[in-house]
Amino acid sequence: MAGDKDVRMSEVLGYVQSDQVQIYSPKGDMLVFPKGATVLDFAYGIHSDLGNHCIGALVNPTSFGASKKRVPRERQLFTGEALQIITDPGVHPKKIMA
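Position one of the sequence shown corresponds to residue 426 (our numbering), numbered consecutively onward.
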């Protein structure tokens, strides 16, 4: 019967993880976001000032031998990526009038 519990737990974890993405900061901190989250979501997840001035990110910036891929702030995130946010102090969020 213990095997049945292991199988059920594996199924539950697989379902939960499929609806989320796990992203790493340059310091190695892991943040979890819903599937479909973007670079901008990650930036705001770190700090509002970072999100307010985000223009993009470097993907996997600490990988040795790999090129640092620069991506826009609208890019969707994928599990296991590490991001280094790129900011511009001249960029500010736009107010949306409802």
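By construction, the Cβ of each residue, glycine as well, lies at the ideal position given by its N, Cα and C atoms.
Q. Which residues in the same chain as residue 478 place their Cβ atom closer than 7 Å to its Cβ, once the five residues preceding and following it in sequence are excluded?
A. Only 512, 513, 514 and 516 meet the Cβ criterion.
Q: Keeping to the same chain, check which residues put their C-beta closer than 6 Å to that of residue 449; ignore five residues upstream and five downstream.
A: Result list for residue 449: 455 and 507, in chain order.
Q | Distance, residue 464 Cα to residue 446 Cα | A | About 12 Å.
Q) If we call anything under 9 Å between Cβ atoms a contact, is residue 500 one with residue 470? A) Using a Cβ distance threshold of 9 Å, residue 500 and residue 470 do not count as a contacting pair.
Q.
Considering only DSSP beta bridges, list what residue 484 is partnered with.
A. The partner list for residue 484 (beta bridge, DSSP) reads 494 and 508.
Q.
Quick check: the Cα distance between residue 498 and residue 443, rounded to an integer number of angstroms?
A. When the Cα atoms are used, residue 498 and residue 443 turn out to be separated by approximately 22 Å.
Q. In this structure, what does DSSP give as the bridge partners for residue 503?
A. Within the DSSP bridge table, the entry for residue 503 names no partner.
Q) Tell me which same chain residues have a C-beta within less than 8 Å of the C-beta of residue 467, skipping the five on either side of it? A) Cβ-Cβ distances below 8 Å link residue 467 to 448, 456, 458, 482, 502, 508 and 510 in the same chain, with the five nearest sequence neighbours on each side left out; the list follows chain order.
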